[in-house]
Amino acid sequence: MGSQTKTEQEIITCSRCHKQVAWNFATSRRNVGYPENGKICDHCENMEGFVDMSNCLSDDVIHWEYSFHQLCCGNKDQDGHEEFEKFLAFRKHIGKNDPPYWEIERKIWLKMFPRGIFSLEMKQKYVEVEASWEEKFFSKKK
Ligand SMILES: [Zn+2]
Numbered sequence: 002m003g004s005q006t007k008t009e010q011e012i013i014t015c016s017r018c019h020k021q022v023a024w025n026f027a028t029s030r031r032n033v034g035y036p037e038n039g040k041i042c043d044h045c046e047n048m049e050g051f052v053d054m055s056n057c058l059s060d061d062v063i064h065w066e067y068s069f070h071q072l073c074c075g076n077k078d079q080d081g082h083e084e085f086e087k088f089l090a091f092r093k094h095i096g097k098n099d100p101p102y103w104e105i106e107r108k109i110w111l112k113m114f115p116r117g118i119f120s121l122e123m124k125q126k127y128v129e130v131e132a133s134w135e136e137k138f139f140s141k142k143k
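Quick note: the numbering used here has the sequence shown finishing at residue 143, numbered continuously throughout.
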């Protein structure tokens, strides 16, 4: 980033909307798996800001965040789906009022498999996962 001057602007494909743009140094707030995945356009940077300020994730935002986490937040050391979970867990931790995790996963599941069945067992699994978040991500163990 340091050696870039204003006269030689880098053209990037935004990791979020996949549009080609002149990069204005906007970076994702998410924990991307590779630094280049963090380069996003100004519009998407603003959208992330609005998402982070919003009290509740809408359906569109759930799918937008999920696909970004899946595509851009994994690498050999971290898993994109777990980063999505951490993102949701952090929002809950600071008092946001998003839908329960099982409902978010149900929305994602039904978008991928419109004729699929989201079973009671799957619901129960995600209820248990959500119940473990505080301990898993925020407990201060010695
Ligand atoms: Zn974008």
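A virtual CB, placed ideally from N, CA and C, is assigned to each residue, including glycine.
Being a predicted model, the structure only gives us computed values, none of them experimental.
| query | result |
| --- | --- |
| DSSP-derived helix/strand/coil call for V22 | strand |
| Buried or exposed by the 16-neighbour rule on C-beta atoms within 10 Å, applied to R116 | exposed |
| Entirely enclosed alpha helix (DSSP H) segments - the segment 81-122, minimum 4 residues | 81-94, 102-113 |
| Ligand 1 heavy atom lying under 8 Å from the CB of I41 | yes |
| Spatial neighbours of N98 in its chain, beta-carbon cut-off 7 Å, leaving aside the 5 residues before and after | N56, C57 |
| Pick from W134, I118, C73 that is closest to H94, judged by C-alpha positions | W134 |
| F69 classed as buried or exposed, judged by whether at least 16 other C-beta atoms fall within 10 angstroms | buried |
| Heavy atom of ligand 1 within 8 Å of R30 beta-carbon | no |
| Segments assigned beta strand (DSSP E), at least 3 residues, entirely inside the segment 14-63 | 21-23 |
| Three CB pairs or more closer than 8 Å across the segment 41-52 and the segment 76-86 | no |
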